[in-house]
Amino acid sequence: MEYKLLDGKATAAAIRAEIKQEVEDIVANGGRRPSLTAILVGNNPASKTYVANKEKACADAGFTSKVIRLPEETGEEELLETIRSINEDPAVDGLIVQLPLPRHIDEQKVIAAIDPSKDVDGFHPISQGKMLIGQDTFLPATPMGILTLLERYNIETKGKNCVVLGRSNIVGRPVANLLSRKGYPGDCTVTMCHSRTKDIERFAKEADIIIAAIGIPFFVKEDMVKEGAVIVDVGINSIEDSSRKSGYRLVGDVDFDKVAPKCSYITPVPGGVGPMTIASLLQNTLKAYKNRK
Ligand code: NAP
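Here the sequence shown is numbered in the working numbering, starting from 9 and rising by one per residue.
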């Protein structure tokens with residue numbers, strides 16, 4: 009089958025250009041720039057890269073941004089105090105705390121300390137609760153990016169069988185919820201699979217849409233996919249590759265080369281969901297800015 013790529017890189021670039029234009033218009037009319045603050049605790053290399061990418065995306069979009077880098081040994085109370093002071097800072101529209109946090113800090117406590125009106129990651133229990141009952145709120149960036157990608161490619165979702173592989177609070181569970189909501193993109197009949205699901209293949213084979221968010225390289229094989237399926241591969245897994253200078257490469261949860269020919273649409277990794285996640289964070293920050301005006 010001739011498949012089409014769901015090109016997250018190009019779609020995200022288009023969204024980022026739209027945001028940049030909107031910010032330029034705001035500034036030309038005498039408005040201030042939207043502003044995002046990120047808190048990074050410790051030295052996790054992946055987290056450092058993610059935060060650097062977010063910082064760059066903010067600069068490109070014309071946002072002001074600040075990264076507060078705290079040492080690994082930062083105490084929970086000190087972090088909570090930092091969050092409280094940013095909550096009260098009128099110059100800051102959006103606040104994110106890069107996860108994971110060092111083990112001695114309670115992540116849920118930290119997330120709950122963020123002012124929900126600045127919670128542009130959409131992880132606060134109030135944001136999650138509002139999402140669950142379909143109220144306007146900040147949607148978590150990765151699920152939001154997935155929805156936007158489906159929307160921009162006009163993928164039909166109404167009445168479709170959607171199988172979500174994974175049930176994490178940041179990807180699987182929210183994306184399953186969003187795709188089952190009334191309206192577009194939604195109205196799917198969603199099955200959420202996880203590590204305790206018996207016979208995942210049986211569910212996956214029935215799916216018109218598969219969202220793979222497990223974190224296991226090449227988990228989804230061609231015999232698990234029906235002809236014409238739409239596949240969104242959220243996975244970012246590093247595997248050894250001696251042909252690369254770095255010695256590794258990034259792959260998704262889907263065995264792309266074998267699976268893609270069976271699909272109508274599929275995301276590449278990299279260049280699929282990853283760039284959409286950053287675009288969604290910018291959209292949320294702009295939304296927080298507008299809400300506060
Ligand atoms: P996570 O918190 O580790 O959750 C993984 C989920 O997969 C869990 O629900 C787990 O089930 C399930 N699972 C694990 N092994 C399984 C198996 N053998 N069969 C069925 N289900 C299984 O991961 P996450 O944070 O959701 O991330 C998932 C992947 O997406 C990772 O590769 C991550 O790097 C990537 N990611 C990408 C982006 C992006 O922007 N592109 C953003 C976030 C995450 P249990 O609940 O039963 O343990």
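Backbone N, C-alpha and C define an ideal beta-carbon position, used for all residues, glycine too.
{"query": "Using the C-alpha atoms, what's the distance from M9 back to L44?", "result": "43 Å"}
{"query": "If you scan the segment 117–196 from start to end, which runs of the beta strand (DSSP E) of 3 or more residues do you find wholly inside it?", "result": "169–173"}
{"query": "Alpha carbon to alpha carbon, how far is P124 from G102? Give it in angstroms, no decimals.", "result": "10 Å"}
{"query": "Are the beta-carbon atoms belonging to L233 and K270 less than 8 Å from one another?", "result": "Sequence check: residue 233 is Val here, not Leu. Against a cut-off of 8 Å, the Cβ pair of K270 and V233 comes out as a contact."}
{"query": "Taking all protein chains shown into account, do 16 or more other C-beta atoms lie within 10 angstroms of the C-beta of R204, making it buried, or fewer, making it exposed?", "result": "exposed"}
{"query": "At a cut-off of 7 Å, is I244 close to the ligand NAP when judged by its beta-carbon and the heavy atoms of the ligand?", "result": "yes"}
{"query": "Output needed for V228: all residues of its chain with C-beta closer than 8 Å, excluding positions within five of it in sequence on either side, in chain order.", "result": "L173, A212, I218, A220, I239, D241, D261, V262, D263 and V267"}
{"query": "Taking D265 as the reference, give the member of Q143, F226 and Y297 with the closest Cα.", "result": "F226"}
{"query": "The alpha helix (DSSP H) with Y58 in it runs from where to where?", "result": "P53 to A69"}
{"query": "Could you tell me whether the segment 50–63 touches the segment 74–85, where touching means 3 or more Cβ pairs closer than 8 Å?", "result": "yes"}
{"query": "Do Y273 and Y11 count as a contact pair if the criterion is CB distance below 8 Å?", "result": "yes"}
{"query": "I need the boundaries of the beta strand (DSSP E) containing E81, first residue and last residue.", "result": "From DSSP, E81 is part of no beta strand (DSSP E); its letter is neither H nor E."}
{"query": "Please report the straight-line C-alpha distance between L158 and K17, rounded to a whole angstrom.", "result": "14 Å"}
{"query": "Who are the Cβ neighbours of S55 in its own chain at under 7 Å, not counting the five residues just before and after it?", "result": "L48 and Q106"}
{"query": "Examine the Cβ distances between the segment 276–291 and the segment 144–152 and report whether three or more of them are shorter than 8 Å.", "result": "yes"}
{"query": "Return yes when the C-beta of A221 is under 7 Å from any heavy atom of the ligand NAP, and no when it is not.", "result": "yes"}
{"query": "Got a sec? Which residues, its chain only, sit under 6 Å from G142 by beta carbon, not counting five neighbours each side?", "result": "R189"}
{"query": "At a cut-off of 7 Å, would you count I163 as near the ligand NAP, judging by its Cβ distance to the nearest heavy atom?", "result": "no"}
{"query": "Helix or strand or just coil, what does DSSP make of S93?", "result": "helix"}
{"query": "Roughly how many angstroms lie between the CA atoms of R252 and T57, to the nearest whole one?", "result": "19 Å"}
{"query": "H202: beta carbon under 7 Å from a heavy atom of the ligand NAP?", "result": "yes"}
{"query": "CB of I23 to nearest heavy atom of the ligand NAP: below 7 Å?", "result": "no"}
{"query": "For K270, which of helix, strand or coil comes out of DSSP?", "result": "helix"}
{"query": "In angstroms, rounded to a whole number, what distance separates the CA positions of I34 and I91?", "result": "28 Å"}
{"query": "Alpha carbon to alpha carbon, how far is I163 from A60? Give it in angstroms, no decimals.", "result": "32 Å"}
{"query": "Along the beta strand (DSSP E) that carries G102, what are the first and last residues, could you check?", "result": "G102 to V105"}
{"query": "Here's a check: name, in chain order, each residue in its chain whose Cβ is nearer than 6 Å to the Cβ of M145, leaving out the five neighbours to either side.", "result": "The question names Met, but residue 145 in the sequence shown is Thr. Correct list, in chain order: S135, K138 and M139."}
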